[in-house]
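**Q** Residue numbers (our numbering): 16 to 311.
Built from N, CA and C at the ideal position, the CB exists for glycine as well.
Owing to the predicted nature of the structure, the values given are computational and were not obtained by experimental measurement.
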Ligand SMILES: [Zn+2]
């Protein structure tokens, strides 16, 4: 589960000092775009806190570290976004009030914690607030989000905020190399410092879409877009083309690219409200061809 953390040295230094001082807060929010290793960082921080040898973001094979790595350390709880609901929060509230099995820290990692601000989960969010207000001794909450603004203000105010920046080009490449992923430098550049985004660009072959547009191969572009049935893929294509549109605006000064960027944001927004996807795809194709056929 846990492996080497790339980058985020400022945050490592921050926590190193905190652990040395012993003045650790009960709850932190890790905020930053998705796919940059916030959860991995949280896992490694948890392991460092629990380690019997005092290792800090370094490999260690003590019993605690081995158990954390095998995902069976009794007092470390990791919840994914999809598991965050009323029942989970109830379990967390109950267990966090009790003494840990191993008599040391009890650590809770909640990934995608903004989910506790939406719909029926607000009840869970409010219940969780009570837990945060009265944390058990030696209980630590690490809340992870890529949508900090969505988190209930009452929860935000109970937690120390730690911001995470996108990874640098070299850090993304380092992760790709260490994991034997064959991702080109061009894709790394377009990943915006997010490993997740790099994979998405690679897996969906979004890069070839950019090539179609650049080479004015609108037939292939149209075939790709009209052939996609998955709404999330269409959204990814648009999210991918948005920064390219801005880049084109900056380099050419032609306002048409700025308008195209605004068009993408608008259609992305409309796609959240059950518009006819087939119509949206056709509209997107003709708009894209219209913009990029312009001579500037
Ligand atoms: Zn250890």
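1. Quick check on residue 24: does DSSP put it in helix, strand or coil?
2. Below 8 Å CB to CB, which residues in the same chain sit around residue 278 once its five sequence neighbours on both sides are set aside?
3. I'd like the span of the alpha helix (DSSP H) that includes residue 235, first residue to last.
4. For ligand 1, is there any heavy atom lying closer than 8 Å to the beta carbon of residue 164?
5. Do residue 51 and residue 181 have their C-beta atoms within less than 9 Å of each other?
6. Going by beta-carbon coordinates alone, are residue 57 and residue 187 separated by less than 9 Å?
7. Can residue 159 and residue 120 be called in contact, C-beta distance under 9 Å?
8. Between residue 71 and residue 19, is the Cβ-Cβ spacing less than 9 Å?
9. My assumption, with CB atoms under 8 Å, is that residue 219 sits in contact with residue 248. Please give the rounded CB distance.
10. Measuring alpha carbon to alpha carbon, tell me which residue in 189, 197, 224 is nearest residue 208.
11. Note down the Cα distance separating residue 130 from residue 137, rounded to an integer number of angstroms.
12. Buried or exposed: which applies to residue 305, given that a residue is buried once 16 or more other Cβ atoms fall within 10 Å of its Cβ?
13. What are the start and end residues of the alpha helix (DSSP H) that includes residue 218?
14. Would DSSP call residue 260 helix, strand or coil?
15. Given the structure, does residue 105 come close to ligand 1, in the sense that its CB is under 8 Å from one of the ligand's heavy atoms?
16. Classify residue 48 as helix, strand or coil using the three-state DSSP reduction.
17. Can you tell me which residues form a DSSP beta bridge with residue 146?
18. Should residue 290 go down as buried or exposed, given a rule of 16 or more other Cβ atoms within 10 Å for buried?
**A** From the atom records:
1. helix
2. 302
3. 233-242
4. no
5. yes
6. no
7. no
8. no
9. 6 Å
10. 189
11. 8 Å
12. exposed
13. 210-218
14. helix
15. no
16. coil
17. Residue 146 is not bridged to any residue.
18. exposed
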